[in-house]
Amino acid sequence: MKKFIGLFIFILSLVFMSGCTTEIVPPIEPPIVVEPTIAELVESKLDSLSLNEKVAQMIQAERGYISPEQVETYGIGSILSGGGSHPTSYLDTADDWYQMYFNYQQSALNSSSEIPIIYGIDAVHGNNNLYGATIFPHNIGLGAANDPDLMYEIGKATAEEMRVTGITWTFAPAVSVVSDISWGRTYEGLSENPIIHQNLVQSMILGLQDNGVSATTKHFVGDGGTAFGVDQGNVILDEQTIRDIHLLPYYEAIEAGVDTIMISYSSINDMKMHGNDYWIHDVLKEEMGFKGFIISDWNAIHQLPGDYSDQIVNSVNTGVDMLMEPSDWLSAYDTLSQAVLNQRISIERIDDAVSRILTVKYTRGLMDHPFDRLAPETNLYTQEHQDLAREAVRKSLVLLKNDGQALPLSNNESIYITGPAVDHVGYMCGGWTTYWQGNTASDIGVGISIKDALSNVVNAQSVSLATTWANADTVIVVLTETPYSEGVGDHDQLTLTTGLSHPDNAAALLIANQAQAAGKNVIGILISGRPLVLGSYLDDFDAFIAAWLPGSEGGSGIADVIFGDYDFTGKLSFTWPKDISQIGYTSTRSNYDESYVMFPFGYGLSYRS
Ligand code: GLC
């Protein structure tokens, strides 16, 4: 009996315990997954790579010189399109571009490292290589607009119009502080004065990078400060002046978290920047703490002393992390590998460079989404982007003269328009459009000319277009430079009828003179990549507008303002010289005298002024 009772109690306790245990066992939580940090991902990936795979990440080839098969064989880390380097032709669609990108990317993933490429392109005022893309005003106009919110939106729109092709890296914005407008790249600069860069650079970078595209600030350091504005020339300045003027924008860029920085072809006090250990390693990476990666410019290391191996050793040991060697990419790959094996470059330097490159690829999502793209139908040349570009044009225009309230135009007058850029979108876009040196066609596939935009107003209101200037109330004369890029644009005879000014400007100026003598209301519009000496020609105009390089929506933006729908708000971000001798005289000088020049930095009229 006792056994029975004991068994009964035991079973009862079991039942009791089982009942209690179901109530006290906590619910089973799903395991907490701790995502690895980017640093951990980079370290892990780096540890998995062979020397050759690491070296391959440091090489950038140009699409015209490398096949997808070679990308797979060598595991090359980056490809670029140089200015105007289309898959097959300038008419290629976003789908054509994406197919090219996809083929290269698929090959990269099939390589032994399985690391996706990062594809770079000069989208410097919209995705300007792509047929049908919105072309925004070049930086000189955006400097006059001086609107950070606008810069962010342009960066965002540019990123969107890039990603319809899959490409996620632009070699922009240039943050050149331009000290001499003889320089052919003046228009790529926001201003002569870094106070403008301090207001705008971060916004452009964030607009791009917040929307999936790596930005590049360029060209480090002092590209716009060479003697006499010679492209790839020599900066002859003391260190403090370089820091105060040309280094400032890079603080902004680093604060914004810019992914990459491109080195300048130019020299500082006769030392080529691509071999300048002090400014690249000591200042940019150590003192300023730049954590992204540094890329060389197109074949720039070939300008360094010594043989090819010396050039690669010098630039990489200086701190260049990726070599833009468009056609010599295989030689660069072999030479860099050999330099490490010969211990001319340490494996620590290689690991630092590759870590920086992988960090950007992880941060910008390439490692996880190498084939991402946006739909062209809803991102390319949309009404939103056209309106944004039109707004940018309006805000970039600077009214230099407006005697007798010549502007705004009334809605019931007869207008005669003339000049080489009056019906020419290509000229309004300038360099880095369709092709490296710009597009000299009047119709580039998108946009609206000044003539067409005025015709739209005419049709909408009682404004008429006269067939001769003698029959008109108002004569509009549109003058222009012809497109140029880089050193091709270097010139010191910067007037309306010399330098790179269009040869037909002279005939247009003669009409202005005759119309003025006949008492007409004469309006001048200048399409140019920089201020040009106006001289006595300005006397023939009642009103004069600096329109810079306004891009595809230049016609609409200009019409909006000259008919008074919007007021002028643009202010000069460059000093306007009175004569050739004043070229190079800028507002960064301690003794800057506004009364000395034609129109000073910060000048701009409005309808209310
Ligand atoms: C050019 C320019 C640079 C550009 C690069 C790639 O020579 O100096 O601004 O990004 O090559 O096209």
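Residue numbering for the sequence shown follows my numbering, starting at 133 and increasing by one per position. Ideal Cβ placement from N, Cα and C applies to all residues, glycine included.
Around the C-beta of F733, 16 or more other C-beta atoms lie within 10 Å, and the residue is accordingly described as buried. For A240 against P248, the beta-carbon gap comes to about 5 Å, under 8 Å, which counts as contact. With the criterion CB distance below 7 Å from any heavy atom of ligand 1, the matching residues run L212, G214, G215, D254, F303, A306, K350, H351, M394, Y397, D429, W430, M456, E618 along the chain. Bounds of any alpha helix (DSSP H) do not take in S213; it lies within the beta strand (DSSP E) bounded by 210 to 213. Where F673 is concerned, there is no enclosing alpha helix (DSSP H), because DSSP gives it neither an H nor an E.
Contact holds between the segment 437 to 451 and the segment 471 to 483, because three or more Cβ pairs, one in each stretch, are under 8 Å apart. Burial check for P269: the Cβ neighbour count within 10 Å reaches 16 or more, so the residue is buried. Within its own chain, the residues whose Cβ lies closer than 6 Å to the Cβ of Y669, once the five positions on either side in sequence are excluded, are L628, L641, listed in chain order. In the three-state scheme derived from DSSP, where H, G and I count as helix and E and B as strand, W301 is classed as strand. Between K703 and M730, the beta carbon gap of about 15 Å keeps them out of contact (Cβ cut-off 8 Å). Taking L436 as the centre and dropping the five residues before and after it, the same chain places the C-beta of K404, H406, G407, D442, Q443, N446, S447 closer than 8 Å to its C-beta, in chain order. Here DSSP, grouped into helix, strand and coil, assigns A573 to coil.
As the crow flies, the alpha-carbon of Y717 is around 17 Å from that of L322. Under the DSSP definition of a beta bridge, T392 partners with T348, F425. DSSP, read as helix, strand or coil, puts L340 in helix. Looking at the backbone, the Cα of D725 and that of I267 are separated by about 36 Å. DSSP links V654 through a beta bridge to V607. Looking at the backbone, the Cα of L737 and that of F234 are separated by about 50 Å.
The Cβ atoms of G656 and I677 lie closer than 8 Å to each other. A direct Cα-to-Cα measurement between S587 and V530 gives close to 23 Å. The shortest CA-to-CA distance from I576 to any of T566, K583, D584 is the one to T566.
Three or more Cβ pairs closer than 8 Å define a contact, and the segment 189 to 208 meets that threshold against the segment 453 to 469. DSSP places V445 in the helix class (H, G or I) of the three-state scheme. Inter-residue distance for V607 and G579 is about 23 Å (C-alpha atoms, whole angstroms).
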